[in-house]
Amino acid sequence: MNGNAPPVSLDIRDWSVTYAGGGRQVHAVKNCSLSVARGKIVGLVGESGSGKSTLLMSVPKLLPAGAVTSGRIFCAGQEISCLGEEEINRWRWRRVALIPQGAMNSFTPHLTIERHIYEVLECHLGIPRQDRAEKAAELAAMAELERDALYRYPHELSGGQKQRAALALALACAPDFLLADEPTTALDVITQKDVLETIASLVRERGMGLLLVTHDLPLAAAASDSLVVMKDGEFVEQGPSREVSHSPRHPYTRKLVAAIMDMDGERR
Ligand SMILES: Nc1ncnc2c1ncn2[C@@H]1O[C@H](COP(=O)(O)OP(=O)(O)OP(=O)(O)O)[C@@H](O)[C@H]1O
Ligand SMILES: [Mg+2]
Numbered sequence: 002m003n004g005n006a007p008p009v010s011l012d013i014r015d016w017s018v019t020y021a022g023g024g025r026q027v028h029a030v031k032n033c034s035l036s037v038a039r040g041k042i043v044g045l046v047g048e049s050g051s052g053k054s055t056l057l058m059s060v061p062k063l064l065p066a067g068a069v070t071s072g073r074i075f076c077a078g079q080e081i082s083c084l085g086e087e088e089i090n091r092w093r094w095r096r097v098a099l100i101p102q103g104a105m106n107s108f109t110p111h112l113t114i115e116r117h118i119y120e121v122l123e124c125h126l127g128i129p130r131q132d133r134a135e136k137a138a139e140l141a142a143m144a145e146l147e148r149d150a151l152y153r154y155p156h157e158l159s160g161g162q163k164q165r166a167a168l169a170l171a172l173a174c175a176p177d178f179l180l181a182d183e184p185t186t187a188l189d190v191i192t193q194k195d196v197l198e199t200i201a202s203l204v205r206e207r208g209m210g211l212l213l214v215t216h217d218l219p220l221a222a223a224a225s226d227s228l229v230v231m232k233d234g235e236f237v238e239q240g241p242s243r244e245v246s247h248s249p250r251h252p253y254t255r256k257l258v259a260a261i262m263d264m265d266g267e268r269r
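So the sequence shown is residues 2 to 269, counted in our numbering.
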């Protein structure tokens, strides 16, 4: 990267999402803006229902029919929010990959992990059959998933292994940006830390940008360069992680931090 050039980034500008249907409207995301530069981690935190998943799913246009968006999203300077289904499909996985919320429970039960990876390699990269096994092994190594786990069915893996398998899948097309929705939820604290460390080192080594959604503020603060706090569809605070977690300005962030301090004064 040229030292004088601005960093390549994923830019979300004045982005809003409204779910319409069933006679009621939900303004799930309201006029939100953020940037994720390659090689950086942005943590997105907020309570349940604040709009985190809606925002994430809307980037690769994976919202259900009936969801209406406004604003603009740019990936490395090119607007992707205006792309049609066929065009955005070329960006998904390859430029912007997603680990959706609950990914570890979304595997097809009768397919081995290797089969899941093969399908992505075939559909999105057209990698010939004879080269797929080697590529799958390479991806497992990157995600620090034991090679043996590739040949097993989802129900034969632990939660941590399934999250690593979801990570291997997301990395299949060497994306520039990764959107990870609660990638460590439902794991024990040691495994959470290990999985997050794997993701964070991949981000640094590969110069990927990561938008990391979690409701765990201390976890996000420890892993991220900057933090965005979301409440009722709005970004109420954003800034360098240490600043936001140690000197929160918005009353809601203060409340979030205080709640954590109440649970465990040492966690920060
Ligand atoms: N398909 C949908 N149709 C209508 N409303 C929806 C839909 N999906 C989400 N919502 C609403 O949008 C709002 C934001 O939901 P979202 O799932 O984005 O929150 P979240 O921050 O990811 O929550 P959590 O931490 O529990 O995962 C909520 O009010 C939710 O009820
Ligand atoms: Mg969610």
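Every residue, glycine too, gets a C-beta built ideally from N, C-alpha and C.
Contact set, ligand 1 heavy atom to C-beta under 5 Å: Y20, V27, A29, S49, G50, S51, G52, K53, S54, T55, P65
Would you call the CB atoms of T174 and V121 closer than 9 Å? Position check: residue 174 holds Cys in this sequence, whereas Thr was assumed. Contact: yes.
Taking 8 Å as the cut-off, is the CB of Q131 close to at least one heavy atom of ligand 2? no
Classify R133: buried if its beta carbon has 16 or more other beta carbons within 10 angstroms, exposed otherwise. buried
Would you say D189 touches ligand 2, meaning its beta carbon is less than 8 Å from a heavy atom? no
Around the C-beta of S10, are 16 or more other C-beta atoms found within 10 angstroms, so that it is buried, or is it exposed? buried
Would you list the one or two residues that DSSP bridges to K232? E235
Three-state secondary structure assigned by DSSP to L57: The three-state secondary structure of L57, taken from DSSP, is helix.
Neighbourhood of Y253 by C-beta distance below 6 Å, restricted to the same chain and skipping five residues each side: K232, V237
For the beta strand (DSSP E) containing D15, list its first residue and its last residue. 10-22
Return the Cβ separation of M209 and D177 in integer angstroms, given the expectation that the two are a contact with Cβ distance under 8 Å. 6 Å
Flag this pair as yes or no: are the beta carbons of L140 and Q162 separated by less than 9 Å? no
Taking the C-alpha atoms as reference points, what is the distance between R93 and S82? 12 Å
D226: CB within 8 Å of a non-hydrogen atom of ligand 2: no
Terminal residues of the beta strand (DSSP E) in which K136 lies: Note, K136: premise wrong, no beta strand (DSSP E); alpha helix (DSSP H) at 130-143.
Is the Cβ-Cβ distance between S17 and S71 less than 9 Å? yes
Given 8 Å, three or more beta-carbon pairs between the segment 95-115 and the segment 150-160: yes
Cα separation between V204 and R95? 15 Å
Distance, Cα to Cα, A144 vs G24? 44 Å
Which of the three DSSP states, helix, strand or coil, is assigned to H111? coil
Which residues mark the beginning and the end of the beta strand (DSSP E) in which H28 is found? 25-38
Note down the Cα distance separating K335 from A21, rounded to an integer number of angstroms. No answer is possible for residue 335: the residues shown for the chain start at 2 and end at 269.
Confirm the yes/no value for this check: CB of E183, any heavy atom of ligand 2, distance under 8 Å. yes
Give the range of the beta strand (DSSP E) segment to which D182 is assigned. Residue range 178-182 is occupied by the beta strand (DSSP E) that includes D182.
Exposure label - D182; buried when at least 16 CB within 10 Å: buried
Across which residues does DSSP place L45 in a beta bridge pair? V214, V229
S1 bridges to which residues according to DSSP? Residue 1 falls outside the range modelled here, since the chain spans only 2 to 269, and no answer is possible.
Pull up the distance between the alpha-carbon of E115 and that of A150, whole angstroms please. Linking E115 to A150 through their CA atoms gives a straight-line distance of about 8 Å.
For A173, the three-state DSSP class (helix, strand or coil): coil
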